[in-house]
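Asks:
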Amino acid sequence: YMQTSRREELMPSSPVSPAAAAAAADSSSACASNDDDTLHYFRKLLKECRVDEDYDEYLADTGLGQQSPLRPVADSLSGQLMNKLWLSVSPQLVPPEIEEHRATRLPWIIAVSPNGRRLALLKRRQLELYSLKRGLDEALVVIATPPDQFCQWRLMSWSADSQCIAVANSNGGVLVFNIRGQKLCELAPEQVTDNPSGCPLAFLMLESGGGGDGGSTSGGVIVLFTVSISGMLKQFLLDLQQPQQQQQQQQQFPQTEPPQCLSAYNIRDRVAGQPVFCGCYDSVSGTLALGTCTMRHSPTLSAPLQHGIQLWRRISEFPFIKASLALEEDMIELGRSRRLLASVLLRNRSRTDCVTSMALSPDGFKLAASYAYGCVSVWTFPAGNLIATFSLAEQCLSSVRSPHLSRTRVLGVPRRLYPGKPGDRPSGVEWWSEAVLIIVRTNGSVSLLDAATCQSIMGSSPEWFEPYPAVTPPQAGQFLILECEVRKRRARRRRLTSGGQTDSADDRQADDAADYDDDDDDDERDEEGRDGGLVGSASRAAYRAAHGLLWATGVGLKRLFTVDGGGGGGDNGDFDSPSSSKRSRYTASRDYRIVCFKRTSPAELFQWKLDSDEYGEALLLARNYGLDTDLVYQRQWQMSLMTRSAIDDFLVRINKRHWVLHECLHRVPKDLDSARDLLEFGLRATDVDCFTAIGEGEDQGRLVLTDANIYAEMNYTGERLTAQEERDRLKRNEEEYRSNRLANLDWQKLRPEQRELMRTRRQLLAHLHRLDCYEQVLGGRHRAPERYTAEEFADFRWQTPLGLAVSYARLGNYDAVDHVISHYTDELLPHRLLILSNAAECDSPRQYEFLLPSAGRRLHDSDLLDWPRRVTSSALADWAWRDQAVLAVPASPPTDEAAAEMASLYAEAPESAAAANPLTSAQVAAWLADRARFIEAESLQVCVL
11 YMQTSRREEL
21 MPSSPVSPAA
31 AAAAADSSSA
41 CASNDDDTLH
51 YFRKLLKECR
61 VDEDYDEYLA
71 DTGLGQQSPL
81 RPVADSLSGQ
91 LMNKLWLSVS
101 PQLVPPEIEE
111 HRATRLPWII
121 AVSPNGRRLA
131 LLKRRQLELY
141 SLKRGLDEAL
151 VVIATPPDQF
161 CQWRLMSWSA
171 DSQCIAVANS
181 NGGVLVFNIR
191 GQKLCELAPE
201 QVTDNPSGCP
211 LAFLMLESGG
221 GGDGGSTSGG
231 VIVLFTVSIS
241 GMLKQFLLDL
251 QQPQQQQQQQ
261 QQFPQTEPPQ
271 CLSAYNIRDR
281 VAGQPVFCGC
291 YDSVSGTLAL
301 GTCTMRHSPT
311 LSAPLQHGIQ
321 LWRRISEFPF
331 IKASLALEED
341 MIELGRSRRL
351 LASVLLRNRS
361 RTDCVTSMAL
371 SPDGFKLAAS
381 YAYGCVSVWT
391 FPAGNLIATF
401 SLAEQCLSSV
411 RSPHLSRTRV
421 LGVPRRLYPG
431 KPGDRPSGVE
441 WWSEAVLIIV
451 RTNGSVSLLD
461 AATCQSIMGS
471 SPEWFEPYPA
481 VTPPQAGQFL
491 ILECEVRKRR
501 ARRRRLTSGG
511 QTDSADDRQA
521 DDAADYDDDD
531 DDDERDEEGR
541 DGGLVGSASR
551 AAYRAAHGLL
561 WATGVGLKRL
571 FTVDGGGGGG
581 DNGDFDSPSS
591 SKRSRYTASR
601 DYRIVCFKRT
611 SPAELFQWKL
621 DSDEYGEALL
631 LARNYGLDTD
641 LVYQRQWQMS
651 LMTRSAIDDF
661 LVRINKRHWV
671 LHECLHRVPK
681 DLDSARDLLE
691 FGLRATDVDC
701 FTAIGEGEDQ
711 GRLVLTDANI
721 YAEMNYTGER
731 LTAQEERDRL
741 KRNEEEYRSN
751 RLANLDWQKL
761 RPEQRELMRT
771 RRQLLAHLHR
781 LDCYEQVLGG
791 RHRAPERYTA
801 EEFADFRWQT
811 PLGLAVSYAR
821 LGNYDAVDHV
831 ISHYTDELLP
841 HRLLILSNAA
851 ECDSPRQYEF
861 LLPSAGRRLH
871 DSDLLDWPRR
881 VTSSALADWA
891 WRDQAVLAVP
901 ASPPTDEAAA
911 EMASLYAEAP
921 ESAAAANPLT
931 SAQVAAWLAD
941 RARFIEAESL
951 QVCVL
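Number 321 in the numbering used here belongs to position 311 of the sequence shown; there are no gaps in the numbering.
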């Protein structure tokens, strides 16, 4: 899957929502917090794309004022009022609750194939098929679909074998494609009396089979099962081999024949004229559940029908569908005691609730349904016995305020159209497992609730997405969520600059970013007063009248009409559509995102948080579930610049001593001061406190640091001392403290860990001394920080002193040779002639005169003068190089590589190999003569006459 910088939330133990982990400690929520039942998951962004369109067209598509496909289109105010009046008396139209629910759905639809390998994304004018294994960067197949004015009323369904997909338009027409993009068949829309253009479908399904018996047959035949909102249930037989045969016959444009209709059954006429809004089907039991309007005012009916659920059975005889036993009794009861007119009046006298979504549990034995006014019910299936029903107030996390409602209006829909608290009603329901429900709410929250108690298993906070998200049924412990972020910005025209050129892309981007506005009423306020005077008053009055009608009728008439102030070609009081206004000043930008919600263990989630660089949440997860917090600090240290602050923030909090010491030895920071701080920190980690703790068995592999302030507190008298006196006092206290800690130590009984710690400390002391030498080579304390490079120092500190001196001599950098010999005098003085033999032959001896051996003033002095610029290493004064420590842990012998390097250098300069150690004046004089002859033989600078 694609991995981008998008949100992934962790789940601590109790409560488990990581986004609200800080507030969870003070939360008094009644949600369940059992650690064993806690859900651990993470969220991962799979795909994101942006769509820009005119803001007025966007409002027409998403607001509640849009016409439903079952309502006649009206362009005037009277037409809108007649639609509302017709809706109140006509039993054949969709209730306003369903219109509101469908109008707020996203225009795009996603569906995952039953085998979990492909994802279908239905956009406005095309269908795209993706491979979940390869990622969502590029679509495998792109299929053009006819444009639809009411995208929210469309449906999409995969076949059981994941080889075909069906798309239903808002007019009831169905298109069936295979996974290669070939159109298998096209089903014409259903003709209804009230709407000649067609009727949208409430349920769509593709099932393998060869007829009404529902049994599976050989490949190439499937059954298309449709249920329209008007209650017409139809079954069609599709032959999948027909397009392949036409393709083999080399037909460029194969003509698909209409599918064979097996049966047509009107459900609505048999159950009190109730329309159908949603459905689900279980192929094992052959039971179809359909969601309609509730009938709680009829106590004599069965419980499923009272709650708006109809159960039908598939049979092998025509019409291949039959009502369940309880539903048959309800149909008899309704036929005896009710009339159609009485049913309509009674339905409109009380508030009508409708089933908006249904879902079957993974084992197929439970059914969940959500309702337009927030209720959720759970049933046994296919028996139809009520297990539990939960009102909106009884659902856990239903009263949590959405962070989006405080920022922007939800898709331009007025809040007052929602009963109760806005945005807290369920917009969909799915099953996470046999006992856990997925509740998706209109405010963008996704919560997982226990099906028996309706308590959250996610803690005190749900997962927040953009308003009105869409989810897919879970598969393999994960499900996908489609969300849409809507932003409004001011549309700017291209303007010319003083040079006659248009604005640059950066200027336009800056202007667009500055003009983002989340308030949907700015355009109305500008419309009110843009003309001023009498026209402005008339505009405000007309605007208030429109909102009064909006409140009275409950129909969203966003920008119902505009009053023209003259000269616009229309009389005052004309009702114009929003698209006919003089200017369109806003643009709606939609950011569609597909997010994966995946179940995982705490350890996997912790590792995924580390990979996503979410260290705070990973640390919180590690503390709640007893995971290793060192992994968080180790990753932070490796991603840092390794400065002093990084040492104090990350490295000092790591418990693993071996890992920390390895970093101090092998990691080279980017600047000189940080390199010195890291080595000094390593010396603190290998001091006497850690050394004695290992001997006492109290360390347990943990990092033990010596307090840097302990030396300042020892023998403190309060006297005012100079800087030098204070340094001397700290040095005496340091020696005293270490002597006291090592006084009772038995050097003959050191543990292997203590010996390894002492070797590490000696290596750190050597690196620190080498850093001092490198600082002098670069030019001293003032110039070295500017010339320091981590790569060069990493190579510098692992070379032998002899190799460094010879390299600088060959380069002609004799000042660097002087600094190397000064820091490693005892080691390099015996090889001084070898180093000088590698000087360039063309260089004047005066350039390295200060490196040549010097004899005494008297003629017969045979002893050479000592090296005058000796630098004493502070490492030799450390407790790790004391006599007892050296006897207990001998120094490491020279490596084979160092011996081989020395032998190779002496082989190249045989004149310096005859010199003894220590050197004498005669040996130096003989070397000078041999060196002069060698230079003359190589360069021929002296002309022999």
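Every residue, glycine too, gets a C-beta built ideally from N, C-alpha and C.
When DSSP labels each residue in this structure, what does Asp530 get in the three-state scheme?
Replies: The predicted model places Asp530 with a pLDDT of 42, which falls under 50 and marks its position as unreliable; any figure quoted below should be read in that light. Coil.
Asks: Just the Cα atoms here: how many angstroms apart are Ala935 and Ile945?
Replies: 15 Å
Asks: Given Ser547, which residues of its chain have a CB within under 6 Å of its CB, disregarding the five upstream and five downstream residues?
Replies: Caution is warranted here: a pLDDT of 47 is assigned to Ser547, below 50, making its placement in the model unreliable, and no coordinate value can be reported.
Asks: State the DSSP-derived secondary structure class of Cys161, mapped to helix, strand or coil.
Replies: If DSSP states are grouped into helix, strand and coil, Cys161 belongs with the helices.
Asks: Residues in its own chain within less than 7 Å of Ala628 by CB, not counting five upstream and five downstream?
Replies: Phe616, Lys619, Leu620, Val642
Asks: Any idea if Glu729 is buried or exposed, counting beta-carbon neighbours within 10 angstroms, 16 or more meaning buried?
Replies: exposed
Asks: Taking the DSSP output, what are the residues bridged to Lys666?
Replies: Beta-bridge pairing by DSSP links Lys666 to Arg712.
Asks: Would you mind giving the Cβ-Cβ distance between His779 and His829, rounded to the nearest angstrom? I have them listed as a contact below 8 Å.
Replies: Rounded, the Cβ-Cβ distance is 12 Å, inconsistent with contact.
Asks: Spatial neighbours of Gln261 within its chain, please: CB distance less than 6 Å, with the 5 preceding and 5 following residues excluded, ordered by chain position.
Replies: Caution applies to Gln261, whose pLDDT of 43 falls short of 50 and renders its modelled position unreliable; the value that the coordinates give is listed next. Nothing meets the Cβ criterion.
Asks: Could you give the first and the last residue of the continuous beta strand (DSSP E) run that contains Lys376?
Replies: First-last of the beta strand (DSSP E) with Lys376: 376-381.
Asks: Can you find the residues in the same chain that come closer than 7 Å, C-beta to C-beta, to Met912, ignoring five residues on each side of it along the sequence?
Replies: These residues qualify, in order along the chain: Leu812.
Asks: For Val816, I'd like the list of residues in its chain whose CB is within less than 8 Å of its CB, leaving aside the five on either flank, ordered along the chain.
Replies: Leu844, Ile845, Asn848, Leu915
Asks: With a threshold of 8 Å on Cβ separation, who are the neighbours of Ala722 within its own chain once the five nearest residues in sequence on each side are excluded?
Replies: Leu740, Asn743
Asks: Helix, strand or coil for Arg593? Go by DSSP, reduced to three states.
Replies: For Arg593, the predicted model reports a pLDDT of 47, less than 50, meaning its position is unreliable; a value from the coordinates is still stated below. The answer is coil: DSSP assigns Arg593 none of H, G, I, E or B.
Asks: With H, G and I counted as helix, E and B as strand and the rest as coil, what does DSSP make of Ile189?
Replies: coil
Asks: Given this structure, state the Cα-to-Cα distance separating Thr482 from Ser387, to the nearest angstrom.
Replies: 20 Å
Asks: Assign Gln485 to one of three DSSP states: helix, strand, or coil.
Replies: strand
Asks: Just to confirm my understanding: we take Arg306, look at its own chain, exclude 5 residues before and 5 after, and list those with CB closer than 8 Å. What are they?
Replies: Gln316, His317, Asp363
Asks: Could you compute how far the alpha carbon of Leu337 sits from the alpha carbon of Arg134?
Replies: The C-alpha of Leu337 lies about 39 Å from the C-alpha of Arg134.
Asks: Over what stretch of residues does the alpha helix (DSSP H) that includes Arg797 continue unbroken?
Replies: 794-797
Asks: In the structure shown, what three-state DSSP assignment does Cys325 receive?
Replies: Per the sequence presented here, residue 325 reads as Ile, with Cys not at that position. In this structure, Ile325 counts as coil in the three-state DSSP scheme.
Asks: Within the same chain, show all residues whose beta-carbon is closer than 7 Å to that of His841, passing over the 5 residues directly before and after it, in chain order.
Replies: Leu812
Asks: Round the Cβ separation of Arg324 and Leu298 to the nearest angstrom and send it over; I've been treating them as touching at under 8 Å.
Replies: 7 Å
Asks: On the criterion of 16 or more Cβ atoms from any shown chain inside 10 Å, does Cys59 qualify as buried, or is it exposed?
Replies: Exposed.
Asks: Quick check: the Cα distance between Gly438 and Thr463, rounded to an integer number of angstroms?
Replies: Spanning the two alpha carbons is a distance of roughly 19 Å.
Asks: Rounded to whole angstroms, how far is the Cβ of Val237 from the Cβ of Leu247, which I believe are closer than 8 Å?
Replies: The Cβ separation is near 17 Å, so there is no contact.
Asks: I need the straight-line Cα distance from Met242 to Cys209, nearest angstrom please.
Replies: 10 Å
Asks: For Ala555, which three-state DSSP category applies?
Replies: At Ala555, the pLDDT of 49 sits below 50, so the modelled position is not reliable and the matter cannot be decided from this model.
Asks: Just the C-alpha distance for Arg53 and Ala130, rounded to the nearest angstrom, thanks.
Replies: 20 Å
Asks: Label Arg144 either buried or exposed according to how many other C-beta atoms from any shown protein chain fall within 10 Å of its C-beta, with 16 as the threshold for buried.
Replies: exposed
Asks: By the 10 Å Cβ neighbour count, where 16 or more other Cβ atoms means buried, how is Ser408 classified, buried or exposed?
Replies: buried
Asks: Classify His672 as buried or exposed, calling it buried when 16 or more other Cβ atoms lie within 10 Å of its own Cβ.
Replies: exposed
Asks: Measure the alpha-carbon distance for Gln710 versus Arg793 and round it to whole angstroms.
Replies: Between the C-alpha atoms of Gln710 and Arg793 there is a straight-line separation of about 44 Å.
Asks: Alpha carbon to alpha carbon, how far is Gly394 from Pro285? Give it in angstroms, no decimals.
Replies: 20 Å
Asks: Identify, in the order they occur along the chain, each residue of the same chain with its Cβ nearer than 8 Å to the Cβ of Arg278, setting aside the five sequence neighbours on each side.
Replies: Here the set comprises Ser240, Gly241, Met242, Gln284, Pro285, Val286.
Asks: I'd like to know whether the C-beta atoms of Ala212 and Cys288 end up nearer to each other than 8 Å.
Replies: yes
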